[in-house]
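Working notes, structure below.
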Amino acid sequence: MELTKKTFLSILIIVIVLGVVYLLYNHQSVSVNDEDDRITLNIWVKDSSNAVYTYFTQAIERFEKVNSNINVELKMIQGSDTKTLNYMNTEIINQVSPDVLCLSLHNYNCYATENRLYNLNDYIGKYEEDYFVESAVDYGVYNNNLYGIAYCIDPEILVYRRDFLSDINIPVINEIQDIKSFETYMADINSHFINDNLDKVAFSIPTLISKGTFFSSFLHIRDNVPNYNVTKIDVFNNDLLALSAMYKSFDIVPYDYGKVGLHPFFSGQAAYSIEPLSSIYYYIEKDNNWLRNIGIVPLKDSAIKFSYSEHKYISIMDNTNHKEEAELFFDFFFSSSEVLKRYHSLNMPVVLNSLMDYYLSDINYNNKELSAYIKNSFHYPISSDMDEFLDKIDNVYDLKINKQ
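Encoded structure:
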């Protein structure tokens, strides 16, 4: 009887152990199968900063938590526009292609004009008409098709040094209402500098803006391209022509971040400057005192197109087999919470109208004045022959730098 009882217990233990082993094996098999069933979404981001890498890795984790059937593979691509474009093209030729691309303006222009990007006309229709800030969508259109949405808008901002203007007893301009009033104001400053023989410049322009070409000099395009149809590019208007002429009448000093030790505006060598918004945010983050020292000249609504911007676009590759999953990532990427996270972690301005009130109320920056620049920002319309046009431009600012 005792033997039978021991035998029964032994058999029972064996059965239990086998059952546990079976359950563990079955669970592992299901887990493996679940992994095998997950769709891999490849995302390439043209950027080199650690902050951008950190944001995307954390964003992908958040996305995967609510989309457990999707596995996202992230690739950061570093280098110049030309270098990264050559790299991506080589990878695609070798059958290594992304599903989602985050591109610089130059590379977006290239891919959009080469029919490599998915048409987002139907996708954008799911949003309310005023969901996005207009400049985030309008300038991503090529041949009436939307191929990307700007997730980063980096417009040029007209800024001034409060301390500088106070020292030379020049009043601050209250608002840019039109080109004529702005021209008169700048002429007064220019005259003041000449009369007092001041060894400082009134205005500085970074040559790196617009890929080393200050936007006003682009306006020579009408003169340099025979039979150029001015209606093709509507931002080349009379206001910009007047602005271009005004700049050329002053002794504007260009500078190159890579060739000078000190920034002429932030080191006190200029009263006014045109700066990318990202640069302004950078200096305020570096030293909060700049919030008191830097003033931003307000724009009056959309009176003039002033703010050339280096937009960054997110797009879907046209040859992807995962358009549905890519659109899910877009839904996530342009949700209010993610747009706010990019604002707080990367200083990328909000691109949603619903967040504009929050953006304006942030006391850490001069966002009230900045908002008009963001809303009115533009870049040159996407064109397959834009590079050819730009090659013909006589750019006096770049010529000065290139001779150094």
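FYI, the numbering for the sequence shown is 1118 to 1521, going by the working numbering. Here a beta-carbon is modelled for each residue, glycine too, at the ideal position from N, C-alpha and C.
query	result
Does residue 1493 come out as helix, strand or coil in the three-state DSSP assignment?	coil
Contact check, residue 1268 vs residue 1431 under 8 angstroms by CB: the rounded distance?	5 angstroms
Figure out for me which residue from 1464, 1383, 1427, 1240 has the closest Cα to the Cα of residue 1409.	1383
Closest by CA to residue 1459, which one among 1174, 1161, 1195, 1228?	1174
According to DSSP, which residues form a beta bridge with residue 1426?	1272
Could you tell me the distance, in whole angstroms, from the CA atom of residue 1238 to the CA atom of residue 1440?	14 angstroms
For residue 1473, which residues of its own chain have a beta-carbon under 8 angstroms away from its beta-carbon, when the five flanking residues on both sides are left out?	1250, 1467, 1488
Quick one: using the 10 Å Cβ neighbour count with 16 as the cut-off for buried, is residue 1168 buried or exposed?	exposed
Terminal residues of the continuous beta strand (DSSP E) containing residue 1411?	1411 to 1413
Quick one: grab the DSSP three-state call for residue 1249.	strand
Going residue by residue through the region 1457 to 1494, where are the continuous beta strand (DSSP E) segments of at least 3 residues, counting only ones entirely within it?	none
Would you kindly work out how many angstroms separate the C-alpha atoms of residue 1329 and residue 1198, rounded to a whole number?	Summary for residue 1329: the model assigns pLDDT 32, below 50, so the residue's position carries little reliability; its value from the coordinates is reported in the next sentence. Approximately 13 angstroms, taken between the alpha carbons.
If you draw a straight line from the C-alpha of residue 1228 to the C-alpha of residue 1447, how long is it?	19 angstroms
Look at the alpha carbon of residue 1501 and the alpha carbon of residue 1282, and state the distance between them as a whole number of angstroms.	44 angstroms
With distances taken Cα to Cα, identify the nearest neighbour of residue 1464 among 1262, 1196, 1272.	1272
State the Cα-Cα distance for the pair residue 1200 and residue 1224, rounded to the nearest angstrom.	10 angstroms
Compute the distance between the beta-carbons of residue 1413 and residue 1270, then report whether it is under 8 angstroms.	no
Which residues mark the beginning and the end of the alpha helix (DSSP H) in which residue 1240 is found?	1238 to 1241
Here's a check: name, in chain order, each residue in its chain whose Cβ is nearer than 6 angstroms to the Cβ of residue 1415, leaving out the five neighbours to either side.	1292, 1486
Decide if residue 1429 is buried, meaning its Cβ has at least 16 other Cβ atoms within 10 Å, or exposed.	buried
Report, in whole angstroms, the separation of the C-beta atoms of residue 1425 and residue 1496, which I expect to be a contact under 8 angstroms.	6 angstroms
Can you give me the Cβ contacts of residue 1177 inside the same chain, cut-off strictly under 7 angstroms, excluding the 5 residues immediately before and after it?	1189, 1191
Does DSSP put residue 1453 in a helix, in a strand, or in coil?	helix
Nearest to residue 1279 by alpha carbon, out of 1470, 1386, 1185, 1244?	1386
Kindly indicate which three-state DSSP category residue 1279 falls into: helix, strand or coil?	helix
Do the CB positions of residue 1158 and residue 1217 come within less than 8 angstroms of each other?	yes
Would you mind sorting residue 1165 into buried or exposed? The rule is 16 or more other CB atoms within 10 Å of its CB.	exposed
Is the separation between the beta-carbon of residue 1276 and that of residue 1392 shorter than 8 angstroms?	yes
Can residue 1549 and residue 1187 be called in contact, C-beta distance under 8 angstroms?	Nothing in the structure corresponds to residue 1549, since the chain is present only between 1118 and 1521.
Of the residues 1437, 1171, 1203, which one's Cα is nearest the Cα of residue 1235?	1437
Let me confirm a value: residue 1231 is counted as buried when at least 16 other C-beta atoms fall within 10 Å, else exposed. Which label applies?	exposed
To the nearest angstrom, report how far apart residue 1183 and residue 1274 are at their CA atoms.	39 angstroms
Provide the residue span of the alpha helix (DSSP H) that contains residue 1187, from first to last.	Not the alpha helix (DSSP H): residue 1187 falls in the beta strand (DSSP E), residues 1187 to 1194.
Report yes if the C-beta distance between residue 1449 and residue 1442 is below 8 angstroms; otherwise report no.	no
Can you tell me whether residue 1376 is buried or exposed? The criterion is at least 16 other CB atoms within 10 Å of its CB, across all chains shown.	Reliability fails at residue 1376, whose pLDDT of 48 lies under 50, so the model's placement of it is uncertain and no value is given.
By a C-beta neighbour count over all protein chains shown, 10 Å radius and 16 as the cutoff for buried, is residue 1405 buried or exposed?	exposed
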